[in-house]
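In the working numbering, the protein residues as written are 19 to 646. What follows is one structure encoded as structure tokens, with my remarks underneath.
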Amino acid sequence: MMSEIRPQAKAFWESLRFPTPVIALVWVGFQLYLYFEPGTDSLISRSGHVCFAIALGFNLWADEIKPAGLRLGLRLLSLLCLAPFVYMALEIERIRSRTPLLDELLPAEIFLAIVMLVALIVISAKLVGRGVVVVTLCFLAYQFAGRLMPGILRHRETDLMSFLENQYLTLEGVFGVPTGISAEVVFYFILFAAVFNAYGGGQMIMDLALAATGRHKGGAAKCAIVSSGLIGSVSGSAVANVMSTGIFTIPLMRKVGYQARFAAAVEAIASTGGQIMPPVMGAGVFIMADMLQIPYSDIVLTALLPALVFFGTLYIVVHLEASRSGLGGLADSEVPRLRAALAERGHMLIPLGWLAALVVSGYGVTDATIQAVALTVVFGTLRKSTRTTPAVVLAALVDTAKRSISVALPCALASVIVSVIAFSGLGPKFTGILIQMANGQFAIMLGLSMIGSVILGAGMPTTSAYVMSAVLIAPALVTLGADPLSVHLYIYYFAILSMITPPVALAAYAAATIAKTEPGATSNTAIFLAFPILLIPFAFFTHSSILYYGLTWSTAFDVLAVIVMIGGASAAVVGWFSARLSSTERALLAVMAAAIAFSPETLVCSVAMLVAAFLLGRNNLKSRLATA
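Shown next, in the form of structure tokens:
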């Protein structure tokens, strides 16, 4: 292992001659300083978080460019992007003592506000994607042109100076709640994921998943589900998870006989689902806890069973596909022994388990994460099999900063969008429009919310998609009497699933790149395979006890209903249970699954469950008779 590490360490020390890793390490150092100095003003902590993300982003851009002059220009621009933070840190006492909207902005503040906003938009378009930038620009245009809008969309006039003041010198603009969540919580989870992987934690999860599932029917795909789900629960990013685990799992799936599109689709779905798998989940969940003013641990416990259902459904789909196609498991030589995997790296389960235990118990999330980082370093260093060098650890810190860009920039843009919505009063207006379109019917409102969450999430990071859906769509469902937590989990699920939903499916596109197949076809395959998963969020309202832990008869019935639902829907999608299903049987199973998902009536669900059970039982009997 050390022989593999030494070249990496040498390459890292040589990289320190360039600005990118230096800025990354300074950013990590700044974030650690914030943790050990909790009294730091929020304007300083959040402005530093955003400005470091922008500066590092421009340096990453410069690393890709060959012309020396342009590369130097981008690096100088990155230093200028740190100026808004430096000014904030130096002038915080005066900024805090000024009277908003009465005290005039200084020329330096006007200049720095413009620099920060323009740089944020430019680098986000380069590194995050044009979708979220276009949406942000549309909202900004709405803020300035709102007085010209017709009817209900009209709002009060704003001027440039008050806008710049709100965005730069308050916690209601760029440095709003989403940015605060990224700076104060999510960054430290990304730090844990990077350090955990540096000490072999990611490889440990992969080995355990492969040892547990690799020899089974369709074992390669099952390994992809388990490993991507577990690793994704730590990384919190669908695309990053696809690119880290998919390079291993997709070739494995292709090797045992799965088609390229199928393999890519399975990896995309599993990596996407990592954002709903406790204990970490995605950045949006921390924003959800802040919006609902509930402990993060409550969301974790509520989301656990639906997350298990999510991955259980995908597991069933790949098992049925393996049975239909006659695919076996991996050879013994390709699968590590469970005992050997545990002996080599099993001790790395301790920090992961410690983190999960603290989060579930309601302990401070950031404190729990820092403790998990410390335990990772301690236990990773104690064993020779996971011991590493300082260079590798520092490289993990650099990787932390690079990964954090994909959260910090979308959160900053989401903060801008939220500020525009708050200024214009668009939220209540949009709620009224949706309720009017649904004619007050809750079922129609659910459908509109699903469509709206997917559309808002098209081509956008999950965090931004969720924030917009939470502000614009969620209030309409709550107004109609739905439980707020159920509503937010519902739209969060569909915001996540937009990563595999056409026309812009970022996770599916990333997986297609690895599998060397057509992105659009991969996205279509992913959403087809995910049909049973699409039914799960509707069960939050029709079988709501699955969201709340505790053993009751109602919970037992709802869990049974959901099991039959996903089993029937999975069989309908694959066209196989114990034997081939006819078109009529597949259609009936799909209808019965939909009936269970959409109907809260016990009688309707019971009949649908009986019909689905009869069809599956008859298929199983037919298979047994054919075998006999």
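Virtual Cβ for every residue (Gly too), placed ideally from N, Cα, C.
Coarse secondary structure for residue i, derived from DSSP in three states
{"i": "R172", "result": "coil"}
{"i": "R598", "result": "strand"}
{"i": "G499", "result": "coil"}
{"i": "T449", "result": "helix"}
{"i": "P102", "result": "helix"}
{"i": "V505", "result": "helix"}
{"i": "P296", "result": "coil"}
{"i": "E111", "result": "helix"}
{"i": "Q459", "result": "coil"}
{"i": "R116", "result": "coil"}
{"i": "L226", "result": "helix"}
{"i": "E285", "result": "helix"}
{"i": "S403", "result": "coil"}
{"i": "E55", "result": "coil"}
{"i": "P196", "result": "helix"}
{"i": "R421", "result": "helix"}
{"i": "S617", "result": "coil"}
{"i": "E183", "result": "helix"}
{"i": "D350", "result": "helix"}
{"i": "D121", "result": "coil"}
{"i": "R355", "result": "coil"}
{"i": "V47", "result": "Note that residue 47 corresponds to Gly in the displayed sequence, not to Val. Here G47 sits in helix by DSSP."}
{"i": "T394", "result": "helix"}
{"i": "M19", "result": "Only weak support is given to the placement of M19: the predicted model assigns it a pLDDT of 49, under 50, and the value that follows is read from those uncertain coordinates. Coil, per DSSP."}
{"i": "I132", "result": "helix"}
{"i": "V244", "result": "helix"}
{"i": "L97", "result": "helix"}
{"i": "F36", "result": "coil"}
{"i": "R233", "result": "coil"}
{"i": "M3", "result": "Limits of the chain in this structure are 19 at one end and 646 at the other, which puts residue 3 out of reach."}
Contact under 8 Å by Cβ, residue i with residue j
{"i": "K235", "j": "G330", "result": "no"}
{"i": "V383", "j": "Y314", "result": "yes"}
{"i": "L628", "j": "M583", "result": "no"}
{"i": "G291", "j": "F266", "result": "no"}
{"i": "S516", "j": "V472", "result": "yes"}
{"i": "Y105", "j": "K240", "result": "no"}
{"i": "A494", "j": "T560", "result": "no"}
{"i": "A227", "j": "L248", "result": "yes"}
{"i": "I305", "j": "P196", "result": "yes"}
{"i": "A301", "j": "V151", "result": "no"}
{"i": "V592", "j": "V335", "result": "yes"}
{"i": "A579", "j": "C623", "result": "yes"}
{"i": "L209", "j": "P297", "result": "no"}
{"i": "I551", "j": "I268", "result": "no"}
{"i": "S289", "j": "V318", "result": "no"}
N-terminal and C-terminal residue of the alpha helix (DSSP H) that residue i is part of
{"i": "R272", "result": "256-274"}
{"i": "H67", "result": "60-81"}
{"i": "P537", "result": "537-547"}
{"i": "M309", "result": "301-310"}
{"i": "T331", "result": "314-343"}
{"i": "K640", "result": "620-645"}
{"i": "Q277", "result": "That residue, Q277, is in no alpha helix (DSSP H); it is neither H nor E in DSSP."}
{"i": "S482", "result": "480-490"}
{"i": "G371", "result": "367-378"}
{"i": "T573", "result": "571-592"}
{"i": "R148", "result": "148-163"}
{"i": "L524", "result": "524-533"}
{"i": "V213", "result": "205-216"}
{"i": "T188", "result": "Per DSSP, T188 belongs to no alpha helix (DSSP H) and is neither H nor E."}
Exposed unless 16 or more other CB atoms sit within 10 angstroms - verdict on residue i
{"i": "K420", "result": "buried"}
{"i": "P125", "result": "exposed"}
{"i": "M167", "result": "exposed"}
{"i": "A375", "result": "exposed"}
{"i": "A159", "result": "exposed"}
{"i": "N638", "result": "exposed"}
{"i": "G470", "result": "buried"}
{"i": "L45", "result": "A quick correction: the sequence has Trp, not Leu, at residue 45. When all chains shown are included, W45 counts as buried."}
{"i": "G57", "result": "exposed"}
{"i": "W594", "result": "buried"}
{"i": "D385", "result": "exposed"}
{"i": "F512", "result": "buried"}
{"i": "T394", "result": "buried"}
{"i": "D225", "result": "buried"}
{"i": "S251", "result": "buried"}
CB contact check: residue i to chain D, cutoff 8 Å
{"i": "S572", "result": "Absent here is chain D; the protein component of the structure consists of one chain."}
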